[in-house]
Each structure stands twice: as C-alpha cells, then as structure tokens.
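Encoded as structure tokens, the structure appears first; notes follow it.
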Amino acid sequence: MSGQILETRGLSKRFGGVPAVDGVDFRLAEGELRCLIGPNGAGKSTFFKMITGQLRPSGGRVLFRGEDVTGEERHLLAKRGIGIKTQVPSLFDGISVRESLYLAARRFHSPREALRIVDGILAETGLHAVAERRVGELAHGQRQWVELGMVLAREPLLMLLDEPTAGMTPDETAHTAALIGKLRQQRAIIVVEHDMQFVRMIAEGVTVFHQGRILMEAPISEVLGDPRVREVYLGAHSERHA
Amino acid sequence: MSNRASSAGGIVIAALGVAALIGVPYVVELFTLVDVAVYCILSILALSLAFVWGYAGILSFGQSAFFGLGGYAYAMAVINLGESTVPVLAGILVPMIFAALLGYFMIYGRVSDVYLAVITLTVSLILYHLINSTSGPEYTIGRARLGGHNGVPGLPPINVPGNASAPLDYADTFRLSLGALLLVYFTLRAVIASRFGRVLVAIRENELRAELLGYDSRRYKLMAFTLGAGIAGFAGVLFASWGSFIGPSVFGIAFAAQVIVWILVGGLGTLGGAVVGTVLIQYLTTWLGQTKALPAMLGLSKIDPSLVLGIVLILFVLLVPSGILPTLRKLLRSRQAAASA
Amino acid sequence: MTITRRRAIAATSATIAAGLAFPRFAFAQGQAIKLGTIADTSGPLQPFGTQKLQCIQLAVEEINAAGGLLGRKIELVTYDSQSNDQFYAQYAQQIALRDRADVVHAGLQSSSREVIRPILRRANTLYFYNTPYEGGVCDRNAFCTGTTPGQLLANLLPFMIKKFGKKIYVLAADYNFGQLSEKWTRKIAKENGAEVIASEFFPLDVNQFGPTIGKIQAAKPDFIVNTFVGPGHAAFYGQWAGTGMKKEIPIASQTFGEAGEHLRMPQELSEGIFVCYNYFEELDRPANKAFLERFRKKFGDNYGYISDLGMSEYMGVRIWAEAVKKAGSVAREPVIKAIEAGLSLEGPGSTITADPKTHHFVFDMHLAEAKSRKFQILQSFAQVQPTNPDGVCDLIKNPNTNQQFEPKL
Amino acid sequence: MDYAAIFVIQVAYAIASLALISVGLAVIYGMMRVINFAHGEFLMLGGYAVILPVQAGVNVWFAMLVIAPLAVGLFGVVVERIVIRPLYGRVIDTVLATWGLSLLLIGLASAALGYYQEGSKPPLGSVVIGAYRESVYTFFVIGITAAIMLALYVGLKRTRFGLLARGTMQNSAMAAGLGVDTGKVYAATFGLGAALSGLAGGILAPISGVVPVIGATYIAKAFITVISGGATVLAGTASAATLLGAVNQVVTFLSTPVVGEVALLAAAIILLRLLPAGITGRLFRGGI
C-alpha cells in the first residue's frame, strides 16, 4: 500500500440525481504518470475536482498517501502536496506573472527560496519576457504556462493537469510534453488530455473514463486498439452531431 | 519604476503630513482645525473600507456599523471610567470582536459577494433598530445610558493618557486626528506590501486559485475584515470624542451609503482615493447644508443633499467607474507618454 | 484646500447676508449681531423645521426693520441639520467656534437639544430652546421658551379624565421626549386618581400600527394620550379611523396639529382630537391677527399652519431681543441677568414672563378640540407656571446646576 | 377568542404585506440577477401615484390599480434603458447605480413634495369581530396579494411573454439566436418588476401614507425576503414572506414593533447561514 500516492474507493458524485462520477476505484503509484482520457462529460474534471476539494463527493473515499482526505478543505489538500492546473486556466488576472509565481512558491518556502524557484520557472517556461506583465494581458498559450508554472512553484507531490495543452501551438505542446517528461522524475502526475498525439508523447498508462466509470486501464497502445474505446469515442462523436 | 514613484509619493505625503501636524495649528483659525479634524476622522473610516473592499475584495456595505460600534463602545466606557485610554481600546476591540464573529459566520459560510453586501448592510440596520429602541432608562450599561434615538451626548473627549483631567483641546484633537490618519494610511500601505496583503490581493483576484495553491482564503479574509473593523472602530472613537456625541444615525442606511460613495468617487483599489473621495463628498454635503447660493442659482428653495449624492453616484458608476484618482493617474500617464513620444 | 474652502464659505455667508440686508436703514458701523440657528429644513422633520425657521426669520426681519438692536443689525446664520442629530453636533461647533454667534436659537427634537446644549455651554454661547418639550432642563446657559408637561399635560389630562374616565393608554415616540412625557402622564394621572394601563413606544419610522390597534382594543382604555412625532406616526390616525375605533375611544394628543396635520388630513381623521397648547392660529386676539398678517405677507398664504412650535421660536427671538435692549449689551452675562429679572413680553398668543429659577416661562394655555379642520378653543388657563418638580431647579441659588430633572414616580 | 381572530388576521396581513413589498424586487432579481437598490423608492413612487391623483379627484381604486403600476412600470422601462442596460453583468456596479437612483429619487421627492404626511383613511370601512373591530382594507390587502401572486404565476408559466422572459434569462445568447429581441425582454421584465412595486406602493399608501423616505422602511425587509426566498421568484417570495412575516408579527404582538423587526432580520440571517442559497435554492431548481 505504501507505494500508492493516490487511491479512490467507490468515489461518486451525483448532480441532482444524475451520476457524473459513479463508483470509481482508482490507484496511482508514487512517481507514476497516468493519462485520463474519455469523451466530454465522462466525469474526468469532476473526478479532479473531488480530489482537490473543489467538489464534495456524494459517496466513496479519497486516500492520499494512505490517509483518508475525503471532503477535506482545498487549501489543506494543497498543503498535503496536491497541485492542479484546471481546465479553464484559473489565474490572478490583475497581478503580474512574477507576483503570481512568487505567491505560489512563497506558500511553502522561505522568501529567498521562493525567489530562486520563481527565477527557475521563468527560465524553464520561457515566461521571463513577460514576467512583469499582468496575467490578464497574456495570450491563451502563455496563460496555460503561467498556471502550470504556479503549480510547479509549489513543488507538489501529485500534479493534476486538466488539458494542459489546450490552445497551445504545436511547438508549445512539444515543449510541454518535454517538460512533463522531466517533471515525472520527481513526482506523480495525472493528465487529462484529448490530444492523442500528446498522450502518446508522454504516457504509457492510460485510464479511460466513460459515463462516470472507468472503462479500461491499460498501456496506450492497447487502448488505442480497443474496440470499446473506439465505440465510446465514435458513438459520442456521432451523437454530438446528430 | 511605478514602485519607486509610489514610494517617493509616500515620502512626500509623510513629509507634508508631519509638517501639517506641527505647523497648521499655528497658522489656521480654530474652527478650521475642528473642521479638518473631522475630515481626517472620516477619511480613516473610508480607508478601512478601501482596504476591506478594494484590497480584500469583501463587499462590506455595512462598514459604518463598525464605526458606530466603536463610537458607542467608547461612549459607554468613557462615561463609566472617566479616563479615556481603556475606552479608546474598547472602541477598537469591540468592533473587531463583532466583526470576527459576523465574518466567521459569513466568510466561513462561504456566503457569496452580493449576499455578503446585503447581510452586512442588514446587520447595520438591525443595530440601528436595536439602538434606536433603547431610549428607556432600563437600557443602561453601568452609569451610561444607551439613549436610543437620543444618542449619547456630552461625552468627555479623549484625554492625555493616564490623566483624565487633561482632555485634548481643539489643536490637540486636530493633531491626534491627522496623526491617526497618517498612521492608518502608512500602516495599511505596509500591510498591503506585506505577504499578507499580497495574498489578499491574490484572493481578491481568484479565490479558488489561491486555495488550490494552499492559502486558506477564509482565514485571510476574516483577518482583513476584522482588521478593517478595528480601523473603522478607531475612527468611530475619534468621531465620538470630536463631537462629544454619538447617535444611532451612524448605523443608518444613509451613512452606510455615504462611505461607499466616498470610495467609489475616490477610486476603488487605492488608498489615496478613499481620502480624496471623503474630503470631496463630505465637503459637498456639509456645504449643501448651509449654502443658499446654489439653490438660488437653480431657482429652488433648497437642494436636498441626497439628490446631489445620488447624481454623483450614478454619474461615477456610469462614466468614471474607476474613480477620480485612478482616472487622473491614467490621464497623467498617457500625457507623459504622449510627451515623451 | 483650506483657501478654497474659506473662499467658498465667505461667498456663502455673503449671500446669506445679502438676502437679509435691509436697504432702508443705515446701521451704525460696528459688526452685526450674529444670531445662529440650526433647523431641520430637509428630511422627515422638514414640516416642523421650516415653520420654525420662518418664524425666526420673521422675528429677525421685524427687529431689523425697526432699527436693529443697540443700533446694530442682526445677521441670521442658518444651517440645515437635515433631520440628523449628527449634523447638529457639527453645526453647533461651527456656530460657536467659527461664526462666534452671540446667541443660538435652535433644536427641535429633545435629542437634538441634548446634542447642542453641552457644546454651547462649553463654548459659553447663550442658547434658546424654543420648542414644547418634556421639561426639567436646568442649565443657566439655556432658556426654554416652549411649554412643559406642568403646563400642557397638567391641564389636558384632568380635562380628559373628568370627561371620559380613568383608564389611559399611552402611545409615544421612542426618545426622551416620548419617554419622559409618558412618565409625566403617569404621575399626573395618579395625582388625578386615574391610571395608565399600558404604554407603547415607537421609533420615528414606524408607520404600521395594526398590532397596536389590536392591543388597544383588548385593553379597552377610556382614552388615549399620544406623543407622536413626525410623518411616520401620522399614519396612525388613518389606520385608527379605518378600524372604526375613532368613534369608540377618544384621543388626546401632545403634538397633533403642530405641523398642521389637521389641515391636510381628511376631516374625519382629526375630528374630536383634544390638544392643549400655548398658541393657536385661531386665538381671537388683535396681536395674533396682526402677526398672522405679517407672516402671510412675508411667506404667502400657502404656508400650512403656525403652531406653538413656530410661535415659540418667534417669542424666543423676541424675548432675547428685549433682554438685549434692557441689558444694553449682547454679551451673555448681562442678557441672562436681564431675563432673570423676570422679563415679560406681550406676544401674539400670550404674555410670556420669565421664571428666573428655572429659565423657563409662564404663559396662558388653551385647551382645544379639532373641529372642521380648525381648533375650537374649549377652555383657557391664564399664566400657567412651568414644570419644576419639587422645586429642585433653582438657578439663582445654584447657578452651576447642569442637568435635566425627571419626574419622581 | 375574538382576540385570537384579530391576531390571526394581523399575522396574515403581515405575511401578505411582506410578499407585496417584495414581489417586484423578486421579479427583477430572480429573472435578471439585478439587485435594485431603488426598490424602496419605486414603492414610494407608487404611493405618490395614488395619493396625488386622489387629491386631484381621481377615483382611489383607479389610481391604485391602474395609474400606480402603469406609471412606475413605464418609469422602470426608462430606468432600465438609461441606468441598468449599460451595466449588465456588472452586479456591483448595478447595485451602486441603483443606490444612486434611490438617493436621487428621495432628493427629488423631498424637493418637489416635502414631508407633509397627507394621511388618509383606508377605504372600505370596518367590520366587527366579536368585541373587536378590524379594517376591511386589511382583508383587501391579503386578498389582492394572493391575486397578484396567482396572476404572476399564470403569466410567467402560461403566456408567451413568460416563456420568452424565462428563456432569455436562462440563456440570452440562445434566445437571441432564436430571434428574440433580448433587449426588449429585459426592458419588459424590469418594467414588470417596477410595475409590481408601483402597485404594491399604491396599495399600501392608504394605510401608511407616503413620505419621500418611506422606501427605507421597506427596503431591508424586501431584500431579506427575496434573498431568504432564494432563486425562484414566486415560491421563494411566498415561502420567505410566510416564515418571516409570521415571525415578525407574532413577536410584535408579544413585545413591540421594533423587537418584531429585529426578530425578522435575525431569523433571516440564521436562515441564510443554514441555507446559503435561500429556502428554494435546493427545492425548486428551475421553477418560478
């Protein structure tokens, strides 16, 4: 058990009777990188929100490093070492990039340490050119980087990344993939992605969500060849266009 | 660059303030001192809301209630004790405790922005109704009667600490008020520049993100709300001492509205704006209470001050939503840019 | 800032002065005498404040037209307190410290009086409170020219008790005026063998009386005594009549008609309400007719009603002017001494005479009933002494007294 | 026993008048998410729209049921166009602008009309209940409030305007895409809320009279009722008015009007702590 950083048991969330996440048993090992895929509305973001305390589960439990953290406050979960980059970037639009990163780093580090971390991240993400600009003025791709940078600055044990490359150019996407590759040396990461190319770039383990449940868990190559997955995607696809 | 400019501004303000503290009582007439003192006191109240609303993002529409609580706490204590040191502290602490309780209720209950605004305003009105119905002799704290609608007249002013027989005279009251204003202004500047203040601004910008980064936003907001209440209470103490009187109208909706107009006119998100807005609007309403010139010009028998306040409020929201100070700064900056181009 | 402010103030005072200047008289050089006043000419108390200010203006104008005082013109300095006691505090400081007024005639509600009285006492500025009130103020710096319970209730209540019975229900405004008036009512009722069976107090913004009307019906009093203040409370009369209780239980009021309510309300609401004041427009006296004529000439016919509220202001200014003449000085001490000599003055409603011990006044009281939108005088009481419970207030013997005495029950 | 009847009638009246003064605010807040701080002054205008015509000889029922809602409703449409529309989506700015409007209207009314309470006797006379008397108008207020709520329910549920309005409020982009003139719908909704406020002010005018600041005595109660009621216009207003009106009047009977009012406000705050989304926040999602 000590090998698991995150475990959920029968985790469920219902909205007005409709299940969005329905009895999910999920395990993630220390240092593991996992991709979550699945059609829109499969429950991936809801799943993330329950892990980070943004939503209170209707049922089931969340264990982080073996401790029950179900329904804990957001800031306490963050304190335990869970960091999240949300689907729509959640940022401090009115303040500068540098200040945003500093506040993220400063929470758990001394001022001197925080400054060092900020400089490192600015260099790593290529944001140093816009470090003094207000976050609200940045282009979409840059905003993604700022949020990613803020999650990194905290140096979490578990990183949840919800569609980190949405709105990025192919170059930026590749850069992100490289960065994630580097990050996984030190921590566990879960990435929600639609871009299969990207998934293939970064991950071996994939969990497929469908209608609030785990459809399958397997290496990427297997998942892509699975007829059920194809049906889920194509089915959902054709439904949307009906 | 802008940082350096603002700290240079700070030094100028500090220097002018100290010069005024020492010099002004010798050059202006007595009444002007009394007048300026009340402007300073009301500016302190405005600063408390400028901080709570502008920096912590808490829509405390009932900020004047803490001012009133401070004034009443001072009044009750000073009538019973005679010496003013403890009453002054009571006037700061009572509103802080009240705000801590109320704030816990609202902030930890995660009441939304607008509801918080309405609840704070309603609490102020509850206090108004409560205090207003305590005219009877049975509502007495020690030797002090709450007085209901009558208010509490004839209060002893603040005295030299430890010496009840040395009450402050008008010049001293002026020095105390201006000194307090400078103290509060620079304290708030320091708070805003500190980590605490920077986190507050981050929470105002995006509470969810701040929490996901591990900051307990509710604790920060509660602390800011409580601090703001203490400052407002301090202003209330000074006000009660200044006029020797505190009455229930400080809890009324009209006074609550005024404080908000001050902030809005001066500019939300600045401290200096709060002072500018207070002085302008307060001057305007006081003047309207005594002028005959303006109504005569317009062919009216008189002008109701609320009419003018209303027009000012609407015009600012529609046309100058960022307030005087930020708008002036912007104009100045764009002119500088044009000049250097 | 300071400079522009001063300029603005200078401009303002100039306008005030210009409005009052009488070109017909060339006044001796020397500064004008400053008479300061603070009146609620906006906000809910406006109907009272306007009347009071107009009476002061008339008195000042008449004195100036007759050559001023001691050869000097009176300059009226006016502030609008906007029905807010907080402004009374501010403007009282202003009048005393900046304007350095020679005398202040101000205050409507007892609460506003208690705000400015200590301020003016500290500043040694002579103060006149010209409003009927709950009585008991004992302060050498202040003169109170309005009626007190010993003059009003002490005549109204025995009449009501004799006519209707011994069970009284009191409805009163919830501040010191109402609170102390209720105490006086209980005291005077007891002295006349009657009893207050219940009392209710209402903040000034209360305008719904449904539950109260229910309670009154349950208590079945012989009559009601009210001390209502302001437009909110005036809604009671309509609700009372709407319930059909108007014909069942009569009302005696300590305040009705003082803002001319009987002129504007439907006649059936005011019919049969009993009051007792020291002045009514209806008083059949030549001096009164002449006064009303002068008032109408200045303010037009459409002014509403002048009650004892306005008349007290007029007489307050007049008796102060008389004292200044007698003293030959506008200074505080000689003026106080001149009044304390038992100064007396004939006015439109009554001769008023100073009571040196209490700094209150003696005058005729009249008991009246509202009939066809007029007050019909039923009975008059000549030269009634002001309230001085157990003679505790004696400013001649104890000039340093500074408190408001309350009735002992 | 008769006293109990009077008690029950007064409690029913308190509930009805609370619903009456809140319903206009509830329509505007519930459908548009605009907090109208000038609501009290809309009631005040409704009152004057009855008192002034009646003085000029107009029939009181015509003034109350036709002139007051029409005049204030039209005024609401103008206000929406000038003050509200430029600020859609800026919740706080709307609050501040309508607060300014509130002060402006108080100032205008006191300049133009002053504070002279005209006073009037409610029409319809009185009835005898055992040893007690009660104004018939009290029953009228209870009855007409029920009628207004019912009419509003039918209007929002069954008419084309109700459908358009509800659709626009839920998704204005979608409604615009379907060819609805959303600007008109907003104006009409605000106008409807204003008209209801005018009607309420008119109905209450014969009882409480009208002065320029009368809005202040209603505004806190109306806010609290609407917010305690929650998201739904009718169910929320009705349930909150019932609860708070009953608390208010029962306490008033037991003590004084002031304590009654404090009890109302305190009950509302406790309620909001327990149910932050209001009474109907959970129960009637998507209802009206």
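Chains as they are written, first to last, in our numbering: chain A, 1 to 242; chain Z, 243 to 583; chain B, 584 to 992; chain L, 993 to 1280.
Where a beta carbon is used, it is the ideal one built from N, C-alpha and C, also for glycine.
Using a Cβ-Cβ distance under 8 Å, would residue i count as near chain L?
| i | result |
| --- | --- |
| Gln-692 (chain B) | no |
| Thr-382 (chain Z) | no |
| Pro-563 (chain Z) | yes |
| His-391 (chain Z) | no |
| Ile-502 (chain Z) | yes |
| Glu-876 (chain B) | no |
| Val-858 (chain B) | no |
Using the beta-carbon of each residue, which ones in chain Z are nearer than 8 Å to residue i?
| i | result |
| --- | --- |
| Ala-689 (chain B) | Those do not exist, as Ala-689 (chain B) stays about 13 Å from chain Z at its closest Cβ, beyond 8 Å. |
Under 8 Å, Cβ to Cβ, is there at least one residue of chain A near residue i?
| i | result |
| --- | --- |
| Arg-577 (chain Z) | no |
| Glu-447 (chain Z) | yes |
| Arg-437 (chain Z) | yes |
Please compile the residues from chain Z whose C-beta is within a distance smaller than 9 Å of the C-beta of residue i.
| i | result |
| --- | --- |
| Glu-99 (chain A) | Arg-440, Val-443 and Ala-444 |
| His-75 (chain A) | Ala-452, Glu-453, Leu-454, Leu-455, Gly-456, Tyr-457, Asp-458, Ser-459, Arg-460 and Arg-461 |
| Ala-123 (chain A) | Correct list: empty, because the minimum Cβ distance to chain Z is about 21 Å. |
What are the partner residues of residue i, as DSSP defines its beta bridges?
| i | result |
| --- | --- |
| Thr-936 (chain B) | B:Ser-927 and B:Val-945 |
| Val-208 (chain A) | A:Ile-37 and A:Met-216 |
| His-140 (chain A) | Partner(s): none; His-140 (chain A) has no beta bridge. |
| Met-159 (chain A) | A:Gly-83 and A:Ile-189 |
| Arg-14 (chain A) | A:Pro-19 |
| Tyr-297 (chain Z) | DSSP lists no partner for Tyr-297 (chain Z). |
| Asn-809 (chain B) | B:Leu-754 and B:Ser-836 |
| Asn-759 (chain B) | Paired residue(s): none; Asn-759 (chain B) is not in a bridge. |
So residue i contacts chain Z; which residues on that side make the cut at Cβ distance below 7 Å?
| i | result |
| --- | --- |
| Pro-701 (chain B) | Pro-395, Gly-396 and Ser-486 |
| Asp-668 (chain B) | Gly-393, Gly-489 and Ser-491 |
Buried or exposed for residue i, going by 16 or more other Cβ atoms inside 10 Å?
| i | result |
| --- | --- |
| Ala-129 (chain A) | exposed |
| Ile-253 (chain Z) | exposed |
| Gln-837 (chain B) | buried |
| Met-948 (chain B) | buried |
| Ala-105 (chain A) | buried |
| Trp-767 (chain B) | buried |
| Val-232 (chain A) | buried |
| Gln-734 (chain B) | buried |
| Met-1166 (chain L) | exposed |
| Asp-162 (chain A) | buried |
| Gly-893 (chain B) | buried |
Is there a C-beta anywhere in chain Z that falls below 8 Å from the one on residue i?
| i | result |
| --- | --- |
| Phe-784 (chain B) | yes |
| Glu-1253 (chain L) | yes |
| Asp-25 (chain A) | no |
Which chain L residues sit within Cβ distance under 9 Å of residue i?
| i | result |
| --- | --- |
| Thr-512 (chain Z) | By Cβ distance, chain L contributes nothing, its closest Cβ being about 17 Å from Thr-512 (chain Z), past 9 Å. |
| Val-518 (chain Z) | Residues of chain L passing the Cβ test: none, with the nearest at roughly 18 Å. |
Do residue i and the ligand HEM come close, with the Cβ less than 7 Å from some heavy atom?
| i | result |
| --- | --- |
| Tyr-671 (chain B) | Ligands in the displayed structure: none, and consequently the ligand HEM is not present. |
List the residues of chain B whose Cβ lies closer than 9 Å to the Cβ of residue i, in chain order.
| i | result |
| --- | --- |
| Ala-1208 (chain L) | Asp-788 |
Just the chain L side, please: which residues come within less than 8 Å of residue i by C-beta, in chain order?
| i | result |
| --- | --- |
| Ile-361 (chain Z) | Ile-1261 and Leu-1264 |
Please check if any C-beta of chain B sits within less than 8 Å of the C-beta of residue i.
| i | result |
| --- | --- |
| Asn-405 (chain Z) | no |
Show which residues of chain L have a CB atom less than 7 Å away from the CB atom of residue i.
| i | result |
| --- | --- |
| Gly-840 (chain B) | Ordered by position in chain L, no residue passes the 7 Å Cβ test against Gly-840 (chain B), which lies about 12 Å from the chain. |
Anything in chain B within Cβ reach of residue i, meaning under 8 Å, just list it in chain order.
| i | result |
| --- | --- |
| Ser-1014 (chain L) | Result: empty, since nearest Cβ-Cβ is about 15 Å, beyond 8 Å. |
For a contact meaning CB atoms closer than 7 Å, what does residue i contact in chain B?
| i | result |
| --- | --- |
| Val-276 (chain Z) | Gln-676 and Leu-680 |
Please list, in chain order, the residues of the segment 179 to 203 of chain A that have any C-beta partner in chain Z closer than 8 Å.
none
For the segment 256 to 274 of chain Z, enumerate the residues whose C-beta is nearer than 7 Å to any C-beta of chain B, in chain order.
Val-270, Leu-272, Phe-273 and Thr-274
Can you give me, in chain order, the residues of the segment 672 to 686 of chain B that have a beta carbon less than 8 Å from any beta carbon in chain Z?
Ala-672, Gln-673, Tyr-674, Gln-676, Gln-677, Leu-680 and Arg-681
Pull out every residue of the segment 1085 to 1096 of chain L whose Cβ sits closer than 8 Å to any Cβ of chain Z, in chain order.
Asp-1085, Val-1087, Leu-1088, Ala-1089, Trp-1091, Gly-1092, Leu-1093, Ser-1094, Leu-1095 and Leu-1096
What are the residues of the segment 1165 to 1181 of chain L that lie near chain B, defined by any Cβ-Cβ distance shorter than 8 Å?
none
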